[in-house]
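To keep things clear, I will list the structure first and then write my remarks on it.
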Amino acid sequence: MSQRVPAFFLLSLLLLAAGFTATSKVPEPKIPFDPEKYVCYRAAAPVQVDGDLDEAVWSKAAWSDTFVDIEGGKRTKPRFRTMIKMLWDDDHLYLGATLEEPHVWATLTKRDSIIYQDNDFEVFIDPDGDTHAYYELEMNALNTVWDLFLVKPYRDGSSANIHAWDIQGLKTAVKVNGTLNNPNDKDKGWFVEIALPWDVLKEAANPKSAPKPGDQWRMDFSRVEYRLNVADGAYAKAADPNTGKPLAEDNWVWSPTGLINIHYPEMWGYVQFSGKVAGQGRDSFQDKPEEKAKWALRRIYYAEWAARADKTVFLDDWKALGLRDKDLKIRGYAFPPVIRTTDSLFEAIYKGEDGRVWKD
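Here the sequence shown is numbered in this note's numbering, starting from 6 and rising by one per residue.
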């Protein structure tokens with residue numbers, strides 16, 4: 006399949022320094038850029054959001070690969086298995102998750118509590134893939150929900166709209182395969198089922214609409230998991246015997262970010278929407294050439310903030326930023342990219358070549 010790019014194709018990254026100190030630095034992921042990919046098919050029948058993923062409508066939806074540690078690479082394999090699957094129709098995006106867990110535990114019951122203080126499941130959606138204006142949803146095994154909208158990642162000076170914003174029309178359900186909060190037996194795990202309305206998700210999309218077949222959105226899914234002990238017949242977070250402080254939680258994700266920070270939307274996975282009904286034909290995932298240009302821009306972003314932290318200024322020379330030809334040369338785009346700087350901002354731009362054709 007080939008794709009013709011417009012005569013003037015522009016990708017730019019413009020970031021203000023306002024709100025940062027001269028020593029601000031954005032850590033670069035320590036793993037290669039290789040996000041997960043998933044093709045989401047249409048639901049063959051209405052989806053009843055009740056936590057039961059054994060229903061026929063889910064049977065033809067493929068499970069994702071098993072979650073890995075958020076840092077990826079050679080980090081320790083997660084102790085328990087986690088996977089997701091997806092479907093969609095004209096009204097909703099449907100998510101199902103299975104979380105292996107020998108001791109299903111949850112405590113928080115008030116909506117918009119800080120849910121990751123419990124073991125939880127988390128959803129992140131950036132509809133237009135620009136790393137800004139994205140959704141976050143967290144829920145625990147009590148089906149308590151925390152939904153957030155972030156204008157930009159925390160590293161860029163964002164503060165989440167925590168309590169004043171809800172996903173109107175959201176449907177969630179949890180099914181426990183075992184007994185919740187009972188340390189006297191061993192459980193198998195818990196299931197999550199979610200319906201997210203396009204009427205809400207489209208507000209951060211470009212254009213502001215539900216996806217069309219072939220569209221790709223950036224998403225990731227995370228699981229926060231604490232080690233537990235039993236004390237006085239109840240669960241308690243395991244503590245470091247030397248300090249008495251709770252042990253750090255595990256972070257297991259679908260698409261690793263390369264550091265312990267899920268708010269790196271450029272590392273999230275790609276979800277491609279298919280017009281086919283699940284089980285009635287297959288679509289292959291189509292890599293888009295502009296994604297390589299976006300990643301090269303992101304490499305410039307990391308390097309600019311490193312330069313500002315070290316030299317207190319942004320740099321307009323890509324070599325001075327420590328970047329190499331192979332980091333920035335993208336087939337179909339003029340090289341080198343244009344970099345402009347002032348005391349308070351920088352801009353990096355790639356221009357596509359007129360009439361350039363890419364072939365898979």
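For each residue, glycine too, the CB sits at the ideal point set by N, CA and C.
Where does residue i fall in DSSP's three states?
{"i": "Y306", "result": "helix"}
{"i": "V52", "result": "coil"}
{"i": "V235", "result": "strand"}
{"i": "R160", "result": "helix"}
{"i": "G75", "result": "According to the sequence displayed, residue 75 carries Ile and not Gly. I75: coil per DSSP, three-state reduction."}
{"i": "V62", "result": "helix"}
{"i": "K356", "result": "strand"}
{"i": "A314", "result": "helix"}
{"i": "W300", "result": "helix"}
{"i": "L333", "result": "helix"}
{"i": "I120", "result": "helix"}
{"i": "W68", "result": "coil"}
{"i": "C93", "result": "The residue asked about is misnamed: residue 93 is Trp in this sequence, not Cys. Three-state result, W93: strand."}
{"i": "R80", "result": "coil"}
{"i": "T149", "result": "coil"}
{"i": "A27", "result": "Caution is warranted here: a pLDDT of 46 is assigned to A27, below 50, making its placement in the model unreliable, and the coordinate value is therefore given only provisionally. If DSSP states are grouped into helix, strand and coil, A27 belongs with coil."}
Can you say whether residue i is buried or exposed, counting buried as having 16 or more other CB atoms within 10 angstroms of its CB?
{"i": "Q285", "result": "exposed"}
{"i": "A200", "result": "buried"}
{"i": "A61", "result": "exposed"}
{"i": "P218", "result": "exposed"}
{"i": "A48", "result": "buried"}
{"i": "A339", "result": "exposed"}
{"i": "E208", "result": "exposed"}
{"i": "P342", "result": "buried"}
{"i": "R131", "result": "The sequence shown places Asp at residue 131, rather than the Arg named in the question. It is buried - the Cβ of D131 has at least 16 other Cβ atoms within 10 Å."}
{"i": "R303", "result": "buried"}
{"i": "R223", "result": "buried"}
{"i": "T103", "result": "buried"}
{"i": "R116", "result": "exposed"}
Tell me whether the beta-carbon of residue i lies closer than 7 Å to the beta-carbon of residue j.
{"i": "W68", "j": "K90", "result": "yes"}
{"i": "G274", "j": "E198", "result": "no"}
{"i": "R228", "j": "L252", "result": "no"}
{"i": "D133", "j": "A215", "result": "no"}
{"i": "G162", "j": "P202", "result": "no"}
{"i": "L142", "j": "V128", "result": "yes"}
{"i": "Y46", "j": "A283", "result": "yes"}
{"i": "L333", "j": "A308", "result": "no"}
{"i": "E105", "j": "G194", "result": "yes"}
{"i": "V276", "j": "Y43", "result": "yes"}
{"i": "G337", "j": "E358", "result": "yes"}
{"i": "D190", "j": "D171", "result": "no"}
{"i": "S279", "j": "D292", "result": "no"}
{"i": "P294", "j": "T136", "result": "no"}
{"i": "A66", "j": "L92", "result": "yes"}
{"i": "F196", "j": "L98", "result": "no"}
{"i": "T112", "j": "N148", "result": "no"}
{"i": "A325", "j": "K30", "result": "no"}
Based on DSSP bridge pairs, tell me the residues matched to residue i.
{"i": "P294", "result": "Beta-bridge pairing links P294 to no other residue."}
{"i": "K42", "result": "Y275"}
{"i": "T103", "result": "M88 and F196"}
{"i": "T346", "result": "F351"}
{"i": "I130", "result": "Y140 and M224"}
{"i": "W323", "result": "In the DSSP output, where bridge partners are listed per residue, W323 has none listed."}
{"i": "D125", "result": "V229"}
{"i": "L328", "result": "DSSP, once it has assigned bridges, lists no residue as partnering L328."}
{"i": "L98", "result": "W93 and L201"}
I'd like the ranges of any beta strand (DSSP E) spanning at least 3 consecutive residues and lying wholly in the segment 170 to 212.
Entirely contained in the segment 170 to 212, the beta strand (DSSP E) runs reaching 3 residues are, in chain order, 176 to 182 and 194 to 202.
Beta strand (DSSP E) runs wholly inside the segment 241 to 298, at least 3 long, in chain order:
255 to 258 and 274 to 282, all fully within the segment 241 to 298.
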